[in-house]
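What follows is one structure encoded as structure tokens, with my remarks underneath.
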Amino acid sequence: MRTRGFNKIKIVGLLIVFSVTGVYCQSGMVKITAGTYTPLYVDDTTDQSVDVDAFLIDKYPVTNEQFLEFVKTNPKWKRSEISLLFADNSYLAHWKSDFELGESVNPNAPVINISWFAAKAFAKYKGKRLPTVAEWELAAMADESEKNGYGNPNYIAKILKWYSKPTPVFLPAIGSNKPNYYGVYDLHGLVWEWTADFFNALVTGESRGDGGINRNLFCGSGSIGATDFKNYPAFMRFAFRSSLKANYTTSNLGFRCAKDL
Amino acid sequence: MKKTILIATILIIAVSGFVFTENLFLNGNSNEIIETSEVKNEEPASCCSGEEMEKSEMVYSDNSIYQINSDWKNQFGNAVNIGELSGKTQIVALIFANCTYACPLIVNDMRNIEKNLTDDELQKVQFTLISIDPERDTPEKLKEFALSQNLNLSRWQLLTGKRTDIDDFAALIGFRYKKENDGSFSHSNLINIFNEKGELFHQHQGLNQEISNTILSIKKCINTEV
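So the protein lines, in turn, are chains A and B.
Under numbering that gives the first Met the number 0, the residue at position 109 of the first sequence is numbered 108, and the numbers go up by one with no gaps.
Under numbering that gives the first Met the number 0, the residue at position 68 of the second sequence is numbered 67, and the numbers go up by one with no gaps.
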């Protein structure tokens with residue numbers, strides 16, 4: 000009797016452990032501790048640094064397989080029916096059909112050819128959201144050993160090296176690079192990623208007079224105001240975000256989700 | 000020991016029995032169930048006058064911004080579904096009430112447009128201001144703003160909504176904005192003209208720009224059958 004009782008406890012204990020790890024693994028997210036993100040440029044008049052609360056972020060970018068599952072359950076997001084307002088002509092163009100990836104597509108590679116609206120809808124479906132620019136940049140500051148890897152010239156050089164390489168025709172699976180300090184994979188080195196407020200990169204025609212912020216950001220005189228001259232990749236990400244529209248889809252732009260703690 | 004097995008067996012039989020009969024029951028009535036759930040889906044969450052029902056069932060064109068189907072509050076605190084903007088030529092700007100520089104100029108441009116339309120044309124347009132500062136721009140605040148700007152509320156409406164819906168709207172028209180640490184916003188200066196179906200017809204960009212082309216465009220939009 001006694002041993003049986005003990006076994007029962009053991010089984011119940013194991014079950015609890017399994018279900019807890021199950022939930023944890025299923026969510027596939029890691030915590031990014033609170034921090035401050037300082038954009039690469041400085042506006043003379045206001046402090047631009049952003050305090051970021053602790054949040055959760057997906058360990059990996061969303062994959063083809065995961066997005067296919069979403070499209071199957073939410074067919075209004077299938078390729079053949081999407082309105083051009085929400086995704087342009089190359090939406091999921093690498094897939095064989097509405098509900099088939101085809102043989103050349105690695106199900107475990109990050110999904111690409113995704114619009115901001117589609118990424119946002121997926122995140123909502125999962126009970127998550129897209130990370131903000133500040134959150135994404137905070138997570139992406141970390142190299143393999145430190146929260147802020149930007150002091151490490153090798154780290155920046157590595158990111159730049161990736162930026163200079165053309166996107167491979169067949170993207171590899173997620174998780175083939177080493178995780179960063181927080182345990183997040185592929186923030187650099189696989190695909191660019193959508194952010195919730197990509198549209199806060201103001202380039203032209205904004206309220207403070209056409210060209211004002213623009214010049215501060217991009218032109219020769221503007222780089223005098225930059226906080227970190229060496230962080231060229233951050234300039235490139237800023238420029239990339241400035242060029243996006245919410246219905247754009249391209250073959251090197253995917254996403255991952257975030258969540259409040 | 001035997002007792003436990005017996006209880007377990009009974010439990011298993013009971014559970015599977017229940018599932019099985021439930022399946023039978025569901026199958027027998029499946030058509031009906033599907034029909035009911037479909038009807039439910041078409042009904043808006045909170046119902047509704049006949050007119051509102053009609054709008055929620057409307058199928059918008061592929062380029063209609065009203066497909067986003069978002070809910071807002073106007074300056075009187077009344078609920079407004081984005082689809083209710085259809086049927087008129089809409090002249091829309093995104094603003095925030097605490098804005099000291101650009102927004103009053105944008106509103107001024109819109110008032111200039113208003114002055115240059117005939118009575119007949121004014122019947123067919125609506126001026127809509129959407130707040131990008133929902134934390135501070137309550138319906139009361141927007142009403143105050145409307146009064147301070149002398150807006151004719153039979154033609155103008157001011158809307159506030161959820162951040163995610165504001166983002167969607169902004170994204171659809173290519174409006175960029177950023178909250179600054181002092182609580183103000185940097186933003187694009189855009190006046191957007193939508194036809195009665197909610198398709199973007201014209202955008203007026205920048206501050207203090209020549210407005211006559213935009214006025215011509217609005218007149219064209221009003222008088223074009225869509």
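Ideal Cβ positions, reconstructed from N, Cα and C, are used throughout, including at glycine.
Practice item. My understanding is that Leu201(A) touches Arg175(B), with C-beta atoms under 8 Å, so please give their C-beta distance in whole angstroms. Key: Rounded, the Cβ-Cβ distance is 5 Å, consistent with contact.
Exercise for review: Starting from the N-terminal side, write out each stretch of the alpha helix (DSSP H) that is 4 residues or longer and does not extend beyond the segment 47-101 of chain B.
Suggested key: 49-56
Exercise for review: Might you give, ordered along the chain, the residues of its own chain that have their beta carbon closer than 7 Å to the beta carbon of Gly197(B), omitting 5 neighbours on each side?
Suggested key: Tyr59, Ser63, Ile64, Tyr65, Leu84, Ser85
Check your understanding: Given a threshold of 16 other Cβ atoms within 10 Å of its Cβ, counted over all protein chains shown, does Arg162(B) qualify as buried or as exposed?
Key -> exposed
Check your understanding: Excluding five sequence neighbours on each side, which residues of the same chain lie with their C-beta closer than 6 Å to the C-beta of Gln148(B)?
Key -> Val106
Exercise for review: Could you name the residues of the same chain whose beta carbon sits closer than 7 Å to that of Leu199(B), not counting the 5 residues immediately before and after it, in chain order?
Suggested key: Ile64, Ile172, Asn191, Phe193
Review point. In whole angstroms, what is the alpha-carbon distance linking Ile81(A) and Asn153(A)?
Key: For the pair Ile81(A) and Asn153(A), the Cα-to-Cα distance works out to about 43 Å.
Check your understanding: If you pair each beta-carbon of the segment 247-259 of chain A with each one of the segment 111-125 of chain A, do three or more pairs fall below 8 Å?
Key -> yes
Check your understanding: Are the C-beta of Ser36(B) and some C-beta of chain A separated by less than 7 Å?
Key -> A caution first: Ser36(B) carries a pLDDT of 33, below 50, which makes its placement in the model unreliable, though a value can still be read off. It does not: the Cβ of Ser36(B) has no partner Cβ on chain A nearer than 7 Å.
Point to revise | Closer than 7 Å at the beta carbon, the chain B residues around Trp135(A) | key: Per Cβ cutoff of 7 Å: no residues; Trp135(A) is ~15 Å from chain B at best.
Check your understanding: Under 8 Å Cβ-Cβ, which residues of chain B neighbour Ser82(A)?
Key -> Asp61, Asn62, Gln66
Practice item. Just the C-alpha distance for Pro38(A) and Ser48(A), rounded to the nearest angstrom, thanks. Key: 6 Å
Exercise for review: May I ask you to report which of helix, strand or coil DSSP gives Arg240(A)?
Suggested key: helix
Exercise for review: Would you kindly check if the distance between the Cβ of Trp191(A) and the Cβ of Leu252(A) is under 7 Å?
Suggested key: yes
Check your understanding: Within 10 angstroms of its Cβ, does Glu139(B) collect 16 or more other Cβ (buried), or is it exposed?
Key -> exposed
Check your understanding: Checking contacts by CB at 7 Å: is Arg154(B) closer than that to chain A?
Key -> no
**Study point:** Residues from the segment 122-137 of chain B in contact with chain A, defined by Cβ distance under 7 Å
**Key:** none
Check your understanding: Do Thr194(A) and Ala130(A) come within 7 Å of each other at the CB atom, strictly closer than that value?
Key -> Inspection of the sequence shows that residue 130(A) is occupied by Pro rather than by Ala. Yes. Within cutoff.
Check your understanding: Using 7 Å as the limit for Cβ to Cβ distance, is Lys177(B) near chain A?
Key -> The beta carbon of Lys177(B) falls within 7 Å of a beta carbon belonging to chain A, placing the residue at that interface.
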